[in-house]
Structure formats: C-alpha cells, structure tokens
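Anchor point for the sequence shown: position 95 equals 94 in numbering that gives the first Met the number 0, and the numbering is continuous, going up by one each time. Below: the structure, in structure tokens.
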Amino acid sequence: MDFGLSDEQELLQETVRGFVAKECPSPKLREIFEGQDGYDATLWDGMVKMGLGGLVVPESYGGAGLELLDLALVVEVLGEGAVPGPFFGHSLATLALTLGGSPEQKERWLPQLASGEALGTVALGEDNQAWDPAAWTAKVSEGQVTGEKAYVPYGERADLIIVGVGGGGLVAVTRESSGLKVEPVNGVDRTRRLARVTLQSAPCESLPEAVADRVRDAGLVLLAADAFGGASKLVSMAVEYAKTREQFGQPIAQFQAVKHRLADMITEIEPARGLYWYAAHAFDRIPDEAERAAALAKAHLSDCFMQLARDTVEVHGGIGFTWESDVQIWFKRAMFDRTFLGAPAYHLERVAQLADW
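And the structure:
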C-alpha cells in the first residue's frame, strides 16, 4: 500500500502554503489577532476563492468533492502558519451537512457555504466539558432547541450553527433564529476565537442522519493535523534560532546538549505524521477503524505539539516567554488543540475502551 501523497495532494498543500506565506506573514498575523474579533475578511475571502470553503462539499453543490485527508492536509498548512479564522468550524459544519443533511438542507445551505456566501460553525461542547455526543444536554422539542453550548468557534460570525443535542443528534440553527444568543468569550488562543451560545426555544431543523460521532471524529483528525503543522513549525523555529543565537562565541546549535534537544524534537514529530494521515484515510475508507484512529491521532499529536512548544521555549530561553517572540503564538495554539474536543487522557481512555482493554 502506498502511503505517500498524490501529486494533486502535494500541489494542494504547496498552493495553500504559498497563499499563507503571502497573505498571513507574522506581522499580518499579529495585526489580525490583536483586532477586536480576530477575523480578517480579506484573508477569509482569499481562502474561499481558492475553493477551501467547500473542500468536502460534493461537486453537485458547488464544492470540490474531496475527502477528509485532503481537508486535513490543508489544515496542516494552516497550523504551520497559525492562520486565524473560522476555517475549522466552517469545515465541520459543511461536513455535518454533507454527511447528515436532508436533500433540501443540502440544496439550501451547501452552495452558500462552499461559495463563502454563508459562514458555518459547530456547537458541540458544553460547560461540563461534555464532548461525547452521548453526554450532550441541549433538548429539542417540537422543532425548537433549548440549552447552552460553550467553546463555539467564531459563533458570533456564523450564519449557520450545527448544534449537538441530547441523544447524540445534530440540529441546524440560523443566525436569525429567535431565542438565539451568542456571546464572545476570552480564550487563550488568539488565532481562534470562541463564543458561548444560549438557545431558548430557538427554531431549529434536525439533521435526519445520525452523524454526530462522525463529525466529532473528523474534528479530532483536523485538530491532529493542525497540531502536526504547528509542531513542525516550532521545530523549524527552534533549529533556526539555535543556528543564529550565539553564546561563548559560537551558535548554541554547536553545543551537544542543544543538539540532543533538537534531535529529540525532530524524531518526536516526524513519525507522528502517519497517525493523522491514517486517521483521515480511515474516516473515509475504513469505517471500523475510524473512531479509534481519530482518537489516537488527536491524543498523541496534541500532546506532542504541547511538549514541543515547551521545548521550543527552552531553546529560545527567556525570550521565548515574551509577547515579542512568535513562539507564544504557537504555544497558545497548542493549548487549544490539546483541550478542544477533549484532552489526550480522555481520548486515550476511549481508545482503550474501543479495544476492550
């Protein structure tokens, strides 16, 4: 079996990488996340024009009709650049509708989401860290949903919110719905803004197919991909800094202890690439393996990202803790990736349960 990427997938990554380098360099990145809501319309419009808003949307609805692996490859590049914006939540919303929406719901929303005319997001988590669909408490009655959802990516800007409800279902709520209240909340990661969503008898439409677990698993894979991209960036930052920072008349990269630290960092991240590749592949091609692979990829890669963020700070020394250093941007992104949709320990426990351990 060939585990390499196709020419088309490599081209996709390089195209997005070129876009990120041009449109979201470090000074621009800081400009965006220091703004009021961490959103840049020009950057998002550029991503949509590249077709990134509808990567997994079927071609019949105006999308690219690609698979989760292709989407994850894009997310890896966005993680490298710590690109801010609503891509993560929007992608999961399009996937939820693609997998579980009715023909009428797909016809109404997917073309708008793919074209960027509408922005989507997902509201899955709750205050008690209930990431498991079986633990959701929002209630649906007679076409109305009541409950509170926390940690909603770019909820204040979304035109369509896919909400997780009790029993493991999903419902669609529009921005115009009465009974919908969205409040921005402060989060540690300035590149991805969150909101609290309160629903009080808000009109909703249920997605007819039970795909909440699938959407959750896709989110885990995308977080793993983002973590791999971010961790790779941190390693390159640590190596470059060690080459230029001098102590005792020579670059610190010449000292054996630093060499060992950098070598350990590289060997820690590179083999992990296959974890998220396989999890994304299993999502579309090996259903029996998908849940376990997604949980394992998220647990390992988010932990790896966090550890490499700490290591990069140590290589940089005191400056690594400062606002002026870019290291803090990826450090905070690592904190988000580690906790969103569940911490590593939670998913490792799920892996053990799925294996009947």
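Glycine included, each C-beta is placed from N, C-alpha and C at the ideal position.
| query | In the structure shown, what three-state DSSP assignment does Leu-233 receive? | reply | On the sequence shown, residue 233 is found 234 positions in, with the first residue counted as 1. Correct three-state label for Leu-233: helix.
| Which residue or residues does DSSP assign as beta-bridge partners of Lys-180? | Here residue 180 is taken as the residue at index 181 of the sequence shown, counted from 1. Per DSSP, Thr-197.
| field | Sequence-distant residues of the same chain with beta carbon closer than 6 Å to Pro-183, five excluded per side | value | Taking the first residue of the sequence shown as position 1, residue 183 is located at position 184. Glu-155 and Ala-194.
| Do the stretch 295–306 and the stretch 250–260 make contact, defined as three or more Cβ pairs closer than 8 Å? | As far as the Cβ criterion goes, the stretch 295–306 does not touch the stretch 250–260, which means the pair count is below three.
| query | For Ile-385, does the count of other Cβ atoms within 10 angstroms reach 16, so buried, or fall short, so exposed? | reply | As shown, the chain starts at 0 and ends at 356. That puts residue 385 outside it, with no answer to give.
| task | Can you tell me the Cβ-Cβ gap for Asp-126 and Ala-92, rounded? I've got them flagged as a contact below 8 Å. | result | Within the sequence shown, the letter at position 127 stands for residue 126. Within the sequence shown, the letter at position 93 stands for residue 92. The Cβ separation is near 22 Å, so there is no contact.
| task | Decide if Arg-309 is buried, meaning its Cβ has at least 16 other Cβ atoms within 10 Å, or exposed. | result | Here the question's residue 309 lines up with position 310 in the sequence shown. It counts as exposed.
| said: Three or more C-beta pairs under 8 Å: does that hold for the stretch 187–206 against the stretch 274–283? | reply: no
| said: Beta-carbon within less than 8 Å of Lys-232's beta-carbon, same chain only, minus the 5 sequence neighbours each way: which residues are those? | reply: The residue given as residue 232 occupies position 233 in the sequence shown. Closer than 8 Å at Cβ, skipping near neighbours: Gly-78, Glu-79, Gly-80, Ala-81 and Trp-329.
| message | Mapping the DSSP letters down to three states, classify Val-139 as helix, strand or coil. | response | Looking up residue 139 in the sequence shown gives position 140. Assignment of Val-139 by DSSP, reduced to helix, strand and coil, places it in the strand class.
| request: Take Phe-339 as the anchor and find which of Val-172, Glu-141 and Val-121 has the nearest alpha-carbon. | output: Within the sequence shown, the letter at position 340 stands for residue 339. Nearest C-alpha to Phe-339: Val-121.
| message | DSSP three-state label for Glu-13, please. | response | Walking along the sequence shown from the start, residue 13 turns up at place 14. The answer is helix: DSSP assigns Glu-13 an H, G or I state.
| According to DSSP, what are the bridge partners of Ala-171? | For the purposes of this step, residue 171 is identified with residue 172 of the sequence shown, where counting begins at 1. Answer is Ile-161 and Glu-204.
| From Ala-211, Ala-113 and Gln-12, residue whose alpha carbon lies closest to that of Asp-69 | Residue mapping note: residue 69 aligns to position 70 of the sequence shown, counting from 1. Considering only alpha carbons, the answer is Gln-12.
| query | What is the C-beta distance between Val-73 and Leu-51, in whole angstroms, given that I count them as a contact (C-beta under 8 Å)? | reply | If you number the sequence shown from 1, residue 73 lands on position 74. If you number the sequence shown from 1, residue 51 lands on position 52. Yes, Val-73 and Leu-51 are in contact; Cβ-Cβ is about 6 Å, under 8 Å.
| request: In the DSSP assignment, find the unbroken beta strand (DSSP E) run with Val-121 in it and report its ends. | output: For the purposes of this step, residue 121 is identified with residue 122 of the sequence shown, where counting begins at 1. Unbroken beta strand (DSSP E) run through Val-121: 119–122.
| said: Would Val-15 and Met-49 qualify as a contact pair, given that the criterion is a beta-carbon distance under 9 Å? | reply: Position 16 of the sequence shown, counted from the first residue, corresponds to residue 15. Position 50 of the sequence shown, counted from the first residue, corresponds to residue 49. Against a cut-off of 9 Å, the Cβ pair of Met-49 and Val-15 comes out as a contact.
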